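Take a look at the structure set out below.
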Amino acid sequence: MYSFTGSSRNRPLINLGGQSVNKNSTELMRQAKDDRIRRDIIKRQLNAVSIIQAFWRSRRVAYQTKVKFRSDFDQIIKSLNHNHLSYQLQLKLSRLLLILFTPSETSDHQRLFQWANLIILPKSNPPYQSYIADNGELGKTWKLTILPIFIQKVLKLIATYPRSEHCLPLLQATHQIFENYDDLGILLVIRRVGQDEYWRNLRAHILAFDPIEKSSNRTVAFALTLSLLPLRLNRPQSTTPHSNEQAFSRAFATYIFTIPMLPNRLDLSALIDFSGALPLPQLLEALPQSITGTAEQAIHLLANLLTWGSKLLTTMSAISLSHYLLVIRRCVDIIPGELFERVDAHLASRLTPSANTQTLVSGTSRVVSLPAAQTTRNLATQPDVIMSFSSSSSTASTSSSEIVAAAARDQLSSLIRSINPKTLSWISTLLTSDHLAKLYSLSNKHPTSCRPVFCQTLVSVLYAWPTSREKIFNALVSSGGVNGFMRELWRLSIRGGKVGMTLRDRKAGGSPQGVLTALGDSKLCGEWEDLIVLSELYSRCLMTLGDDEFFNDETKVGQQAKGKDVVSTGRNPLLLGEVIGLAGLLRNLAFGLYWTEGQADIKQGYVIGTRVGLEQLRNLATRLLQQIYVRDSRRPFCEPGFWLMTSTFDLQSFIQTVVYEESHLEEIRDDPSNQQASSAQDFLDPDLDLLDHLPRPRSGHQARERVSKRQLAFISPRLGVLNNIPFVIPFEQRVTIFRTFVQSDRHRAGLDVFPFGKPKHKAVIRREHIAEDGFLHLNALGSRLKEPIEIKFIDQHGLEEAGIDGGGVFKEFLTNLTKLVFDSNKGLWLVNANMELYPNPHSYSRESLSLEWYAFLGRVLGKALYEGILVDVEFADFFLNKWLGKQSYLDDLASLDPELYQGLLFLKNYGGDVESDLSLNFTISSQEFGISKTIELLPNGAQIPVTTFFKGLNDIVEAKWLRMFNTVELKVLVGGLDGQDLDFDDLQRCTVYGGWDEAHETIRMFWRVVKRFDNPTKAKLLKFVTSCARPPLLGFKELRPSFAIRCAGQDESRLPSASTCVNLLKLPEYKTEIGLEEKLVYAINAGAGFDLS
1 MYSFTGSSRN RPLINLGGQS VNKNSTELMR QAKDDRIRRD IIKRQLNAVS IIQAFWRSRR
61 VAYQTKVKFR SDFDQIIKSL NHNHLSYQLQ LKLSRLLLIL FTPSETSDHQ RLFQWANLII
121 LPKSNPPYQS YIADNGELGK TWKLTILPIF IQKVLKLIAT YPRSEHCLPL LQATHQIFEN
181 YDDLGILLVI RRVGQDEYWR NLRAHILAFD PIEKSSNRTV AFALTLSLLP LRLNRPQSTT
241 PHSNEQAFSR AFATYIFTIP MLPNRLDLSA LIDFSGALPL PQLLEALPQS ITGTAEQAIH
301 LLANLLTWGS KLLTTMSAIS LSHYLLVIRR CVDIIPGELF ERVDAHLASR LTPSANTQTL
361 VSGTSRVVSL PAAQTTRNLA TQPDVIMSFS SSSSTASTSS SEIVAAAARD QLSSLIRSIN
421 PKTLSWISTL LTSDHLAKLY SLSNKHPTSC RPVFCQTLVS VLYAWPTSRE KIFNALVSSG
481 GVNGFMRELW RLSIRGGKVG MTLRDRKAGG SPQGVLTALG DSKLCGEWED LIVLSELYSR
541 CLMTLGDDEF FNDETKVGQQ AKGKDVVSTG RNPLLLGEVI GLAGLLRNLA FGLYWTEGQA
601 DIKQGYVIGT RVGLEQLRNL ATRLLQQIYV RDSRRPFCEP GFWLMTSTFD LQSFIQTVVY
661 EESHLEEIRD DPSNQQASSA QDFLDPDLDL LDHLPRPRSG HQARERVSKR QLAFISPRLG
721 VLNNIPFVIP FEQRVTIFRT FVQSDRHRAG LDVFPFGKPK HKAVIRREHI AEDGFLHLNA
781 LGSRLKEPIE IKFIDQHGLE EAGIDGGGVF KEFLTNLTKL VFDSNKGLWL VNANMELYPN
841 PHSYSRESLS LEWYAFLGRV LGKALYEGIL VDVEFADFFL NKWLGKQSYL DDLASLDPEL
901 YQGLLFLKNY GGDVESDLSL NFTISSQEFG ISKTIELLPN GAQIPVTTFF KGLNDIVEAK
961 WLRMFNTVEL KVLVGGLDGQ DLDFDDLQRC TVYGGWDEAH ETIRMFWRVV KRFDNPTKAK
1021 LLKFVTSCAR PPLLGFKELR PSFAIRCAGQ DESRLPSAST CVNLLKLPEY KTEIGLEEKL
1081 VYAINAGAGF DLS
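According to UniProt numbering, numbering within the sequence shown proceeds without interruption in unit steps and concludes at 1093.
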């Protein structure tokens, strides 16, 4: 407010401070802005002051009002005539109480109790009963307003102050009210109180007490009884819809059935009452929709469900059993796998009480030391989709993910440690034989409604709790009927099911890309479990199923090869035709998962709707596929070409890519910068290639086996196919790949730079001492035996034989050497009934010199494979299995001792007392040097010579190259096809000529003559020229140098001669076929080459 002084003239402001007051426009605008902000702050402060003051006044008035009401309430109670309580006083007390009650005011607890003691708890004619019985406004007021608000206050009190002395009588009062309500009244009370609020407050009260605290038994029992009351509503046709019952059941499951150690919180009588009142079928119907909580809630829900559900399995209906299984499955899918490790540790500690503390601590330490990725996966698994985690490219995101993973590990570790051992004991009920047997038998009783969810539950438990496998499978087998179970799974669920039809369709799931699509197809959710269960069970069955039981011995192999459904006389649950059908599905599945390794992250992906990783599924399919293939290899029952997948890819491109990828892999292996990372990865790799059973020196070339199969499959999908399911590639192409691998190895070692140059090593060999001289000159070379070696033979007269070794002389030396050293009369080898070799288990073979011989013989055989030289040696099947790193089973014993094999089959099927009837026990008698000894059957007793032989073999040939073949194919790779008809038409096409052409008359006579030879004579001719009686596996085009015929002049008296070093036949120009045949037959039967000239 300004005063008017009579002057309207503005006077300028005079600044006496001596400073300039000139301000520019920017400064003025800034000052104006600051003024506005300051005024706005003052305005907001004034508004806030008004609000705070209003709130404070309202609270002050409310407090004063409540103080007055409390005073009025107390005055009424003091002046009350207990002999008569008028309705007006009851109504006034009720209104006062409902307004004044505050849970945090402890004096109100006493007032609430006093009101309940007057209105609810009198033993005779409590006033409230007459009110709720009234059908007018009076009854409506009490039933819908006063009593529901009272119950609401009681629930808040017991949740906030669970140890108040008034909790028990107030819970009794609440229970008494509910007992006098009809179902509709209870429903209206729950709606007024709030559905979640009702069970949440009861849960808070129960959790406030320690499970073993005896003083809490009564109040907890009343709280649990109240929690059950709404679930016991009868369902009227119209007034109480089914949705309310479902909602109440879900709320009970969420808040009450997830309480830790729920059965341990009640004494025996209360537990019996609670169990009798628990409407488990109704609860099971709602539980599947209630499982949306945390892992901790799932743990306690599973424990409580197993506590009551396992006792009532035999009384459940089909639908209840289906829901029971579904709840178990969903809980198991949420629970971290580390919890089941703790259950195992707890069970182990119960068996060894002295190690209780140590076992539990070690179980916890395993949880803490888990890799970050695994812990994160367990906490973040979403089994309804195929997941893949991409690695971060930036340092900041990597650091962030590590922090998240560390926090997840800490959270998981804390959760696992907090679980009480009693809860672990309840969860272990899941794997008891009685529980599993009941689930199995009941699911078979209701196959349509229960078997699919039983298989789904089984898969979840198997893959979340890996150590449960033995218990589960043993329980299923001991329950009986598992063979019928597998048959029905195949016939009713898989063969004509969605998964079977998808994998069978080459345009859909049968193609590599189609397999990956099918594994993530939501339409197949819940369908994969049947195939997984069947594969698990059948794989386990085949481990103990002998060939006598797998095959129908009375059926001809020809019928088996056509894939007919032949009834087996043994324990094979599937017909042979069904085995073929299953193998076809598994072949497509495994091939697709290997082939698409580079397109999807197999290690992080999951089968849709399950906890099964794609890599786990691939391993399972591969394992069973290999088991069936081994049976087919021993005794074919599949059609020719059944195993091949060549229609899904270009074979020539596959070979070229495999060779390229193998070369790339070798570069990675030989790179020193990758060795440390590879070693660290292998340490954590559960699929470490243990089949590479021979230790190797840590050199660049010999450290190649450090790469695991998982890494190998990741680097090369095609190499993954070749190293795991090579039988999907034709044998001839695998031989081509083998030869290409050898050539690539030659190139890396620099052995192909000058193929006809000066050899690196020379050896002078006496004809009469080939084995001794070969061992003397070549044993010390070790792995360098693969390098070129020049052989000079000394004949029996001590003269050096004619000829220059261009490879043929060495081939002749190697062929003769193998004949001598693989002789069973030398003491290092024994033969079976089929004259097939295997190492001698005699103690002599374990002496140091004998072991050196075994290593040398391994390198000799490796050299023959490396050079493509076929040798006339045949090994027993069980011994070849060791080459391939495979486990030997009972059926492999037939290749060692057929009589013992038949005896053990008799023993296996013998129904009497073996020890008393047959006088057999677990010892054997051996006789060495005339002394009989009884020794125990110790493991690995005869493995030392075998291992030494393998060491020598792998010095030359990589073990993984050999694993591309089965035992039958390996025999062919070593010695060629025994008794094979020699194709001299192919030989004619691949022959080159010197001094002649193919149209020359002598050449034409030669081919007419040799084509008339019988097969043994043809083999002699082939050996005469090439030093080997068997043709190359891939035909004569693979013969290096090529088979050649050169003119040796016109002297018909001369005999044909040969230069085996260059595969050259020197043939004189004979005029007649008779003369040519006589001279040629004489020459090839004489067994000499150069000297005939």
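Here a beta-carbon is modelled for each residue, glycine too, at the ideal position from N, C-alpha and C.
Model, not experiment: these values are computed from the prediction.
* Under 8 Å between C-beta atoms of I146 and L80 -> no
* Asked: Could you give the uninterrupted runs of the alpha helix (DSSP H) lying entirely in the segment 228 to 298, keeping only those of 4 residues or more?
  -> 242 to 255, 268 to 277 and 280 to 290
* Is the Cβ-Cβ distance between A876 and L896 less than 8 Å? -> yes
* Asked: On the premise that V764 lies in contact with residue 1153, defined as a C-beta separation below 8 Å, what is that separation, rounded to the nearest angstrom?
  -> Here the chain covers residues 1 to 1093 and nothing more, so residue 1153 does not appear.
* To do: Consider the Cβ of W56: report whether some Cβ of chain D lies at a distance smaller than 8 Å.
  => Protein chain content of the structure displayed is limited to a single chain, and chain D is not contained in it.
* Asked: When the distance is taken between beta carbons, is L280 closer than 8 Å to L312?
  -> yes
* **Supposed close pair V327, L287 - CB separation, criterion 8 Å** => 5 Å
* Could you tell me which uninterrupted alpha helix (DSSP H) segments, each at least 4 residues in length, are contained entirely in the segment 996 to 1067, listed from first to last along the chain? => 1001 to 1011 and 1015 to 1026
* Asked: Mind checking whether Q616 and E529 have CB atoms under 8 Å apart?
  -> no
* Which parts of the segment 118 to 201 are runs of the alpha helix (DSSP H), unbroken and 4 residues or longer, counting only runs that do not cross its ends? -> 127 to 132, 137 to 141, 147 to 160, 167 to 179 and 183 to 193
* **Nearest to L229 (by Cα), restricted to the options Y63, E179 and F473** => E179
* Asked: Around the C-beta of D692, are 16 or more other C-beta atoms found within 10 angstroms, so that it is buried, or is it exposed?
  -> Any reading at D692 needs caution, since the residue's pLDDT is 39, under 50, leaving its predicted position unreliable; the model's value is listed next. D692 is buried by the Cβ-count criterion.
* Classification of R409 by the beta-carbon crowding that lies within 10 angstroms, buried from 16 upward -> buried
* F454 - containing alpha helix (DSSP H), residue span -> R451 to A464
* How many whole angstroms separate the CB atoms of F984 and V1010, which I take to be in contact at a CB cut-off of 8 Å? -> 6 Å
* Asked: What is the C-beta distance between V873 and T818, in whole angstroms, given that I count them as a contact (C-beta under 8 Å)?
  -> 5 Å
* Cβ pair E597, P717 closer than 8 Å -> yes
* **Three-state class that DSSP yields for W595 in the structure shown** => helix
* Return the chain-ordered list of same chain residues with a C-beta closer than 7 Å to the C-beta of H300, the five sequence neighbours on each side being excluded. => T258, I259, P260 and T423
* Asked: Just checking, does the segment 1040 to 1059 make contact with the segment 985 to 1002 on the three C-beta pairs under 8 Å criterion?
  -> yes
* To do: Quick one: using the 10 Å Cβ neighbour count with 16 as the cut-off for buried, is T622 buried or exposed?
  => buried
* Asked: Do L170 and V154 have their C-beta atoms within less than 8 Å of each other?
  -> yes
* Following the continuous beta strand (DSSP E) through G994, name the residue where it begins and the one where it ends. => V992 to G994
* Which residues bound the alpha helix (DSSP H) around P512? -> P512 to L519
* **At least three beta-carbon pairs within less than 8 Å, the segment 333 to 341 to the segment 316 to 323** => no
* Run the proximity test for F642: is its beta-carbon closer than 7 Å to any non-hydrogen atom belonging to the ligand MN? => This structure does not include the ligand MN; it has no bound ligands of any sort.
* For W528, the first and last residue of its enclosing beta strand (DSSP E) -> Run containing W528: none in the beta strand (DSSP E); it sits in the alpha helix (DSSP H), W528 to T544.
* Asked: So, helix, strand or coil for G700, using DSSP?
  -> Residue confidence for G700 is low, a pLDDT of 40 falling below 50, so the modelled location carries little weight; the figure read from the coordinates is stated next. Coil at G700, not helix or strand.
* To do: Identify whether E615 lies in helix, strand or coil by the three-state DSSP scheme.
  => helix
* Which of helix, strand or coil DSSP assigns to H797 -> coil
* **G774 (DSSP reduced to helix, strand or coil)** => helix
* Asked: Going along the chain, which residues of its own chain have a beta-carbon closer than 8 Å to the beta-carbon of Y1070, five neighbours each way excluded?
  -> T1002, M1005, E1052, L1076 and K1079
* To do: Between the Cα of L284 and those of E245, D267 and V742, spot the shortest distance and give me the residue it belongs to.
  => E245
* Check each candidate in F551, G276 and W465 and name the one with the smallest Cα separation from L231. => G276
* Neighbour-count burial assignment, A608, 16 or more Cβ in a 10 Å radius -> Going by the sequence as given, residue 608 is Ile instead of Ala. With 16 or more other Cβ atoms within 10 Å, it is buried.
* Note down the Cα distance separating Q652 from L1034, rounded to an integer number of angstroms. => 15 Å
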